[in-house]
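Q: What follows is a structure written as structure tokens; I'll ask about it next.
Protein chains in written order, with our numbering: chain Y, 41 to 159; chain F, 2 to 155.
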């Protein structure tokens, strides 16, 4: 569970999630990662260290460059994050279900319920 | 069992689909009438939308302001581009967190689906980087509660 905890702590920070999302598009160096965040390279490096310690990203050595890419756990972490987004968005829409159910139909209700489906 | 799907497409799109047990006309109204919007587009429990300006006509303005009642809040502005009652809405929007996020171009379709409606929202962000930021931070505000819950269940 240690690794899972570390992976979740790593995901709790929006900058780190953004870094993972960026790396989902392909390998990138610290300079490339720092650019959109208005953060210093040391600050980004600190986030990268957290991600690396959590096993979410991998560092490759290429001469003087140190490009980072997503590890398998990082890809899974992003999937997990998308699931969180889905769940949160659905909160609004579950509320909308209730609002729609309470809205007065413009025409008399005479439609038959085809699906006996309940949530 | 969630009926919602959230997927990415290409480098710059986010696609959200959701089925509703109500006809397209009702779902469309729920997306365009301020008094109805204020009842559901709220994010986590405890948040409200005290300001809801929604001029549902081409060129019409959108302004939503949310608050958690404890000093926390943020807002969104946008403009309508096209409206086809009760099947399609095209608008642009940006969130202020507090700096404005890049424009999100959103096409929302309401298609009859059995006795209900299939809503398909297709968001287009200016570039891959912006989409990555949107998925990781911009959409986060509505998600803190769920995140906290998920954290507890692991």
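The beta-carbon is built from N, C-alpha and C at its ideal position, and this holds for glycine as well.
Computed from a predicted structure; not experimentally measured.
In chain F, what lies closer than 7 Å to residue 90 of chain Y by C-beta?
A: The count along the first chain starts at 1 and reaches residue 90 of chain Y at position 50. Within 7 Å Cβ-Cβ: nothing; residue 90 of chain Y doesn't reach chain F, min ~15 Å.
Q: Give a yes or no on whether 8 Å exceeds the smallest Cβ distance from residue 62 of chain Y to chain F.
A: Sequence index remark: in the first chain, residue 62 of chain Y carries index 22 (1-based). Residue 62 of chain Y counts as touching chain F.
Q: Would residue 59 of chain F and residue 83 of chain F qualify as a contact pair, given that the criterion is a beta-carbon distance under 8 Å?
A: Locating residue 59 of chain F in the second chain gives position 58, counting from the first residue. Locating residue 83 of chain F in the second chain gives position 82, counting from the first residue. Cβ atoms of residue 59 of chain F and residue 83 of chain F: closer than 8 Å.
Q: Between which residues of its own chain and residue 61 of chain F is the CB-CB distance below 6 Å, once the five residues before and five after are set aside?
A: Residue numbering aside, residue 61 of chain F sits at position 60 when the second chain is read from its first letter. For residue 61 of chain F, where only same-chain residues beyond five positions count, the Cβ hits under 6 Å are 81.
Q: Looking at residue 65 of chain F and residue 87 of chain F, is the spacing between their C-beta atoms short of 8 Å?
A: As a first step, residue 87 of chain F must be located in the second chain, where it is residue number 86. As a first step, residue 65 of chain F must be located in the second chain, where it is residue number 64. Cβ distance not < 8 Å, so residue 87 of chain F and residue 65 of chain F don't count as in contact.
Q: According to DSSP, simplified to helix, strand and coil, what is residue 134 of chain Y?
A: In the first chain, residue 134 of chain Y corresponds to position 94, counting from 1. In the structure shown, residue 134 of chain Y sits in a helix (DSSP, three-state: H, G or I).
Q: By alpha-carbon positions, which one of Y:97, Y:120, Y:59 ends up nearest to residue 79 of chain Y?
A: As a working mapping, residue 79 of chain Y is identified with position 39 in the first chain. Closest option to residue 79 of chain Y, Cα to Cα, is Y:59.
Q: Within this structure, are the beta carbons of residue 77 of chain F and residue 95 of chain F separated by less than 8 Å?
A: Here residue 77 of chain F corresponds to residue number 76 of the second chain, with the count starting at 1. Here residue 95 of chain F corresponds to residue number 94 of the second chain, with the count starting at 1. Taking 8 Å as the Cβ cut-off, residue 77 of chain F and residue 95 of chain F qualify as a contacting pair.
Q: Check whether chain F comes within 8 Å of residue 111 of chain Y, counting only Cβ atoms and requiring the distance to be less than that.
A: In the first chain, the residue the question calls residue 111 of chain Y occupies position 71. Answer no: the Cβ-Cβ gap between residue 111 of chain Y and chain F never drops below 8 Å.
Q: Find the residues of chain F that neighbour residue 107 of chain Y, judging by a C-beta separation of less than 7 Å, and give them in chain order.
A: One-based indexing of the first chain puts residue 107 of chain Y at position 67. Simply none; closest approach about 17 Å.
Q: At which residue ranges does the stretch 97-130 of chain F contain complete beta strand (DSSP E) runs of 3 or more residues, listed in the order of the chain?
A: Entirely contained in the stretch 97-130 of chain F, the beta strand (DSSP E) runs reaching 3 residues are, in chain order, 105-114, 117-125.
Q: Which term fits residue 148 of chain Y, buried or exposed, when burial requires 16 or more other beta carbons within 10 angstroms of its beta carbon?
A: Position 108 of the first chain holds residue 148 of chain Y. For residue 148 of chain Y, the predicted structure reports a pLDDT of 48, less than 50, and the residue's modelled location is therefore unreliable. A value from the coordinates is still provided. Under this definition residue 148 of chain Y is an exposed residue.
Q: Closer than 8 Å by C-beta to residue 111 of chain Y: which residues in its own chain qualify, once you throw out the five before and the five after it? Chain order, please.
A: Here residue 111 of chain Y corresponds to residue number 71 of the first chain, with the count starting at 1. Same-chain partners within the cutoff: 95, 96, 97, 98.
Q: Does the distance from the CB of residue 13 of chain F to the CB of residue 132 of chain F come in under 8 Å?
A: Numbered from 1 along the second chain, position 12 holds the residue referred to as residue 13 of chain F. Numbered from 1 along the second chain, position 131 holds the residue referred to as residue 132 of chain F. In this structure, residue 132 of chain F lies closer than 8 Å to residue 13 of chain F by Cβ.
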